[in-house]
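**Q**
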Amino acid sequence: MLAMEYRGPKRVRAVQKPMPEIQHPQDAIVKVLRACICGSDLHLYNGNIPDTRVGSTFGHEFVGEIVDIGSDVTKVKVGDRVIVPFNIACGECHFCKQEMFGNCQESNTESGAIGGIYGYSHTAGGFNGGQAEYARVPYANVGPVIIPADMDLDDAVMLTDVIPTGYQGAEMAGIQEGDTVVVFGAGPIGITAARCAWLFGAGRVIIIDKQEYRLDFARNYAYCEAYNFEEIGDPVMFIKKITDWMGADCVIDAVGAEAEGNTLQTITGRKLLLQAGSATALHWAINAVKKGGVVSIVGVYGPTDNLIPIGNAMNKGLTIRGNQTSVKRLLPRLIEHVQNGVLDPKGLITHRMPLEEVANGYRMFSNKLDNCIKTVLIPPTAN
Amino acid sequence: MKDNAINTPIDPKTIKGWGIDADPKNDPTYPMRKRMNAEEDPDSKSRPDNLQSVDEEVLKSVDRPKISAVFGTPEPPAGLSGVIRRQAYKYPENQYKRWLPLVLADRVDMLEGVVSDLSKGKLPNIWAEKGYDMEWKHNRTAFITKMATIGAVTAGLVVWLSSGKKKKKSKTKTKDYLSRF
Numbered sequence: 001m002l003a004m005e006y007r008g009p010k011r012v013r014a015v016q017k018p019m020p021e022i023q024h025p026q027d028a029i030v031k032v033l034r035a036c037i038c039g040s041d042l043h044l045y046n047g048n049i050p051d052t053r054v055g056s057t058f059g060h061e062f063v064g065e066i067v068d069i070g071s072d073v074t075k076v077k078v079g080d081r082v083i084v085p086f087n088i089a090c091g092e093c094h095f096c097k098q099e100m101f102g103n104c105q106e107s108n109t110e111s112g113a114i115g116g117i118y119g120y121s122h123t124a125g126g127f128n129g130g131q132a133e134y135a136r137v138p139y140a141n142v143g144p145v146i147i148p149a150d151m152d153l154d155d156a157v158m159l160t161d162v163i164p165t166g167y168q169g170a171e172m173a174g175i176q177e178g179d180t181v182v183v184f185g186a187g188p189i190g191i192t193a194a195r196c197a198w199l200f201g202a203g204r205v206i207i208i209d210k211q212e213y214r215l216d217f218a219r220n221y222a223y224c225e226a227y228n229f230e231e232i233g234d235p236v237m238f239i240k241k242i243t244d245w246m247g248a249d250c251v252i253d254a255v256g257a258e259a260e261g262n263t264l265q266t267i268t269g270r271k272l273l274l275q276a277g278s279a280t281a282l283h284w285a286i287n288a289v290k291k292g293g294v295v296s297i298v299g300v301y302g303p304t305d306n307l308i309p310i311g312n313a314m315n316k317g318l319t320i321r322g323n324q325t326s327v328k329r330l331l332p333r334l335i336e337h338v339q340n341g342v343l344d345p346k347g348l349i350t351h352r353m354p355l356e357e358v359a360n361g362y363r364m365f366s367n368k369l370d371n372c373i374k375t376v377l378i379p380p381t382a383n
Numbered sequence: 001m002k003d004n005a006i007n008t009p010i011d012p013k014t015i016k017g018w019g020i021d022a023d024p025k026n027d028p029t030y031p032m033r034k035r036m037n038a039e040e041d042p043d044s045k046s047r048p049d050n051l052q053s054v055d056e057e058v059l060k061s062v063d064r065p066k067i068s069a070v071f072g073t074p075e076p077p078a079g080l081s082g083v084i085r086r087q088a089y090k091y092p093e094n095q096y097k098r099w100l101p102l103v104l105a106d107r108v109d110m111l112e113g114v115v116s117d118l119s120k121g122k123l124p125n126i127w128a129e130k131g132y133d134m135e136w137k138h139n140r141t142a143f144i145t146k147m148a149t150i151g152a153v154t155a156g157l158v159v160w161l162s163s164g165k166k167k168k169k170s171k172t173k174t175k176d177y178l179s180r181f
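Residue numbers (UniProt numbering), protein chains in the order written: chain H, 1 to 383; chain E, 1 to 181.
#1: Would you say H/GLY201 lies against chain E (beta-carbon separation less than 9 Å)?
#2: For H/ARG270, go through chain E and note every residue whose CB falls closer than 8 Å to its CB, in chain order.
#3: If I'm right that H/ALA170 touches H/ALA135 with Cβ under 8 Å, what's the distance once you round it to whole angstroms?
#4: Output needed in chain order: residues of the region 109-131 of chain E with a Cβ under 9 Å from some Cβ in chain H.
#5: Just to confirm, are E/LEU59 and E/TYR91 a CB contact at a threshold of 9 Å?
#6: For H/TYR301, which residues from the same chain have a beta carbon less than 6 Å from its beta carbon, with the 5 sequence-adjacent residues on both sides left out?
#7: Once DSSP output is grouped into helix, strand and coil, what is the label at H/LYS374?
#8: Whose C-beta lies closer than 6 Å to the C-beta of H/ASP51 among residues of the same chain, with five residues either side of it excluded?
#9: Cα separation between H/GLU92 and H/GLY130?
#10: By the DSSP assignment, the beta strand (DSSP E) with H/SER71 in it spans what residues?
#11: Compute the distance between the beta-carbons of H/VAL84 and H/PHE62, then report whether it is under 9 Å.
#12: For H/PRO144, is the classification buried or exposed, using 16 other Cβ atoms within 10 angstroms of its Cβ as the cut-off for buried?
#13: If we cut at 9 Å on Cβ distances, does E/SER81 have a partner in chain H?
#14: Could you list which residues in chain H have their beta carbon closer than 8 Å to that of E/GLU135, in chain order?
#15: For the region 57-118 of chain E, which segments carrying the alpha helix (DSSP H) assignment without a break, of at least 4 residues, lie completely within its bounds, in sequence order?
#16: Could you check if E/ARG140 is buried or exposed, using at least 16 other CB atoms within 10 Å of its CB as the buried criterion?
#17: Can you tell me whether DSSP reads E/LYS25 as helix, strand or coil?
#18: At a CB-CB cut-off below 9 Å, which residues of chain E make contact with H/HIS283?
#19: For the region 113-131 of chain E against the region 67-78 of chain H, are there 3 or more C-beta pairs whose distance is under 8 Å?
#20: At the 9 Å Cβ level, is E/GLU57 part of the contact set with chain H, yes or no?
#21: For a contact defined as C-beta to C-beta under 7 Å, what are the partners of E/GLN52 on chain H?
#22: For residue 390 of chain H, which three-state DSSP category applies?
#23: State yes or no: is the beta carbon of H/CYS36 nearer than 9 Å to at least one beta carbon in chain E?
#24: Assign H/ASP249 to buried or exposed, taking buried as 16 or more other Cβ atoms, counted over all protein chains shown, within 10 Å of its Cβ.
#25: Less than 9 Å between CB atoms is the rule here; does E/VAL153 satisfy it with respect to chain H?
#26: Identify the contact partners of H/TYR301 in chain E, using a Cβ-Cβ distance below 8 Å as the criterion.
#27: Measuring alpha carbon to alpha carbon, tell me which residue in H/GLY185, H/THR266 and H/GLY317 is nearest H/ILE297.
#28: Give, in chain order, every residue of the region 333-344 of chain H whose Cβ lies closer than 9 Å to some Cβ of chain E.
#29: Taking Cβ positions, are E/ALA69 and E/ARG85 nearer each other than 9 Å?
#30: Name the chain H residues whose beta carbon is nearer than 8 Å to that of E/THR145?
#31: Find the residues of chain H that neighbour E/ILE84, judging by a C-beta separation of less than 9 Å, and give them in chain order.
#32: With a cut-off of 8 Å on the beta carbons, I'd call H/ILE252 and H/VAL181 a contact; round off their distance for me.
#33: The beta strand (DSSP E) that contains H/LEU2, what's its start and end?
#34: In angstroms with no decimal places, state the Cα-to-Cα distance between E/LEU102 and H/LEU355.
#35: Enumerate in chain order the residues of its own chain whose CB-to-CB distance from E/GLY113 is below 6 Å, with the five nearest sequence positions on each side excluded.
#36: List the endpoints of the continuous alpha helix (DSSP H) containing H/GLN168.
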């Protein structure tokens, strides 16, 4: 089968690989119909996540058709078209029972901190991902959700990660009616978080980034204010000034390890890898939120350390929340929002490419070429 | 401040879906375990009935008690990078000794990948693997400037290093010549 293959930092290609096999009675094999390149795939692409092995296939955002199932699979059958949440979750452990499907204890041997994720390095379990014609899907009784008959595949694939993660970013921010919400990062997750902040009753939503085309997109898609941090000066001071020197009620970090805007953070976090990525956005978030406010983290960082002003967080009495998104928990509500026209997932997609051009897709998304917001890969067998 | 006019806040209540998921009880400090009623089923040690068989080497974090019920099998540790990875996994996740060797192993793995390609008679197509077609199509001027700069710096370094060797050689010759007198 054709699959994306990682060869080292900023080097990927499409190659022929062996078909995935059933390795556990609850496994299913899915023929991939759509797969996305996620902003967090760029951390792998840039070589910033430890234990990313050459030969791996990335891709944790995919939907497809079930073509084979293990002997214990009862909830889905061959021929079903399914949304595959990016988390691999057993449904039975202490955390899954609390619907913390992003924190499963039985899907990642290689780390105690993170549950299994498709195509996200051996630090996240060593599973191959869905940027391929076929993928192995463990715990098929738990994760996959059947795509409603009236749902577009492009909408469905955006429900595997982007939309739930943006939504959970807003949810974790504990937004109360009338709150001012600031989102750092106008990538697909940040734009979604800004859009979803309204669903929780926000009174004002502001997004900060440096890419003018993304800020324009956010204004139109998420109905929010959008500012370029290269033009407003210090973004923390800017937010304090426009909130009557109080700070925002809630701040969402939707950037993570690839943040720009602070030379020290960039050099130590992204170039020298002395930190688990650049923590510029998180630094700004802690300083820009009001005393007693909430910082919600959905941006992805590596497993080592980051330079953040934890003293300010303590002195300000902040609540800091973060987690991998519990996609399965959120899907019923989000499917409803899509069907009712409240959310428009496929409106985020700017590029569709054949899987064979995966290297071009990564380069385009990574370097923000051709006004790219979100790229969908289509395997040849999907047509 | 640029484009302040287009950033004029709108009335939130005119946005479709405004407030439909508002939850005054969404107090972030509220314990999740109570919200999810986990105390009704307090067994924290329950595991799936079936466990994936371990047919090849899997590195296990020492922060975990056992191998998880399912796990990924692609790309088992191999070569020098595999030796480094095995050492790294002997340390817990809160130590640099766990993570920094893994970053090193990834770089060694990359070189092993090139050697592996060459040993199979395959020359990596760096242009295609780096997606330079997209730079050529959408960002040509900056791309050419960047490549020209890298090329010039590299050429400069090569010239500088080779001239250093020549000077050293000529200095040695002069010394030999003078030593005859």
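Every residue gets a Cβ at the ideal spot worked out from N, C-alpha and C, and that includes glycine. None of the values given here were measured: they were computed from a predicted structure.
**A** On the basis of the supplied data:
#1: What you label residue 201 of chain H is simply residue 201 of the first sequence in a count that begins at 1. It does: the Cβ of H/GLY201 has a partner Cβ on chain E nearer than 9 Å.
#2: To locate residue 270 of chain H, count along the first sequence from 1; it is residue 270. Those do not exist, as H/ARG270 stays about 13 Å from chain E at its closest Cβ, beyond 8 Å.
#3: As a working mapping, residue 170 of chain H is identified with position 170 in the first sequence. As a working mapping, residue 135 of chain H is identified with position 135 in the first sequence. H/ALA170 to H/ALA135, Cβ: 29 Å. No contact.
#4: Those would be ASP109, MET110, LEU111, GLU112, GLY113, VAL114, SER116, ASP117, PRO124, ASN125, ILE126, ALA128, GLU129, LYS130 and GLY131, in chain order.
#5: As a working mapping, residue 59 of chain E is identified with position 59 in the second sequence. As a working mapping, residue 91 of chain E is identified with position 91 in the second sequence. For E/LEU59 and E/TYR91, no; Cβs fall outside 9 Å.
#6: Residue numbering aside, residue 301 of chain H sits at position 301 when the first sequence is read from its first letter. Correct list, in chain order: GLY256, ALA257, ALA276 and GLY277.
#7: Sequence index remark: in the first sequence, residue 374 of chain H carries index 374 (1-based). Coil at H/LYS374, not helix or strand.
#8: Against the first sequence, residue 51 of chain H aligns to sequence position 51. Around H/ASP51: SER121, HIS122 and THR123.
#9: By one-based count along the first sequence, residue 92 of chain H stands at place 92. By one-based count along the first sequence, residue 130 of chain H stands at place 130. Taking C-alpha positions only, H/GLU92 is separated from H/GLY130 by approximately 24 Å.
#10: Counting from 1 along the first sequence, the entry for residue 71 of chain H is found at position 71. Unbroken run through H/SER71: none, as it is neither H nor E.
#11: Numbered from 1 along the first sequence, position 84 holds the residue referred to as residue 84 of chain H. Numbered from 1 along the first sequence, position 62 holds the residue referred to as residue 62 of chain H. Yes, the Cβ-Cβ distance between H/VAL84 and H/PHE62 is below 9 Å.
#12: Taking the first residue of the first sequence as position 1, residue 144 of chain H is located at position 144. Under this definition H/PRO144 is a buried residue.
#13: Walking along the second sequence from the start, residue 81 of chain E turns up at place 81. Under the 9 Å criterion on CB atoms, E/SER81 is classed as interfacial with respect to chain H.
#14: For the purposes of this step, residue 135 of chain E is taken as the residue at position 135 of the second sequence. Ordered by position in chain H, the residues that pass the 8 Å Cβ test against E/GLU135 are ARG363, ASN367 and LEU369.
#15: List check, alpha helix (DSSP H) in window: 79-88.
#16: For the purposes of this step, residue 140 of chain E is taken as the residue at position 140 of the second sequence. The residue in question, E/ARG140, is exposed, as its Cβ has fewer than 16 Cβ neighbours within 10 Å.
#17: Locating residue 25 of chain E in the second sequence gives position 25, where the first residue counts as 1. In this structure, E/LYS25 counts as coil in the three-state DSSP scheme.
#18: Within the first sequence, the letter at position 283 stands for residue 283 of chain H. Those within 9 Å of H/HIS283 in chain E number zero; the least Cβ separation is about 20 Å.
#19: Short answer: they don't touch.
#20: Residue numbering aside, residue 57 of chain E sits at position 57 when the second sequence is read from its first letter. Taking CB atoms only, E/GLU57 has no neighbour in chain H less than 9 Å away.
#21: In the second sequence, counting from the first residue as 1, residue 52 of chain E sits at position 52. By Cβ distance, chain H contributes GLN23 and HIS24.
#22: Nothing can be reported for residue 390 of chain H: it is not among the residues displayed for chain H, which extend from 1 to 383.
#23: Position 36 of the first sequence holds residue 36 of chain H. Output row for H/CYS36: interface = no.
#24: Position 249 of the first sequence, counted from the first residue, corresponds to residue 249 of chain H. Classification for H/ASP249: buried.
#25: If you number the second sequence from 1, residue 153 of chain E lands on position 153. Not an interface residue.
#26: Indexing the first sequence from 1 puts residue 301 of chain H at position 301. Within 8 Å Cβ-Cβ: nothing; H/TYR301 doesn't reach chain E, min ~12 Å.
#27: By 1-based counting over the first sequence, the position of residue 297 of chain H is 297. Of the residues H/GLY185, H/THR266 and H/GLY317, the one whose Cα lies closest to the Cα of H/ILE297 is H/GLY185.
#28: Listed by position along the chain: ARG333, HIS337, ASN340, GLY341, VAL342 and LEU343.
#29: Along the second sequence, read from residue 1 onward, the residue named residue 69 of chain E stands at position 69. Along the second sequence, read from residue 1 onward, the residue named residue 85 of chain E stands at position 85. Using a Cβ distance threshold of 9 Å, E/ALA69 and E/ARG85 do not count as a contacting pair.
#30: The residue labelled residue 145 of chain E in the question sits at position 145 within the second sequence. The contacting residues do not exist; E/THR145 stays about 14 Å from chain H at best.
#31: Residue 84 of chain E sits at position 84 when you count from the first residue of the second sequence. Ordered by position in chain H, no residue passes the 9 Å Cβ test against E/ILE84, which lies about 10 Å from the chain.
#32: Mapped onto the first sequence, residue 252 of chain H falls at position 252. Mapped onto the first sequence, residue 181 of chain H falls at position 181. Right, their Cβ atoms sit about 7 Å apart.
#33: Here residue 2 of chain H corresponds to residue number 2 of the first sequence, with the count starting at 1. 2-8 is the span of the beta strand (DSSP E), which, as asked, contains H/LEU2.
#34: Looking up residue 102 of chain E in the second sequence gives position 102. Looking up residue 355 of chain H in the first sequence gives position 355. So the two alpha carbons sit approximately 29 Å from each other.
#35: For the purposes of this step, residue 113 of chain E is taken as residue 113 along the second sequence, with counting starting at 1. The beta carbon of E/GLY113 lies closer than 6 Å to none in the same chain, with the five residues before and after it left out.
#36: Position 168 of the first sequence, counted from the start, is the residue given in the question as residue 168 of chain H. Per DSSP, the continuous alpha helix (DSSP H) segment holding H/GLN168 begins and ends at 162-172.
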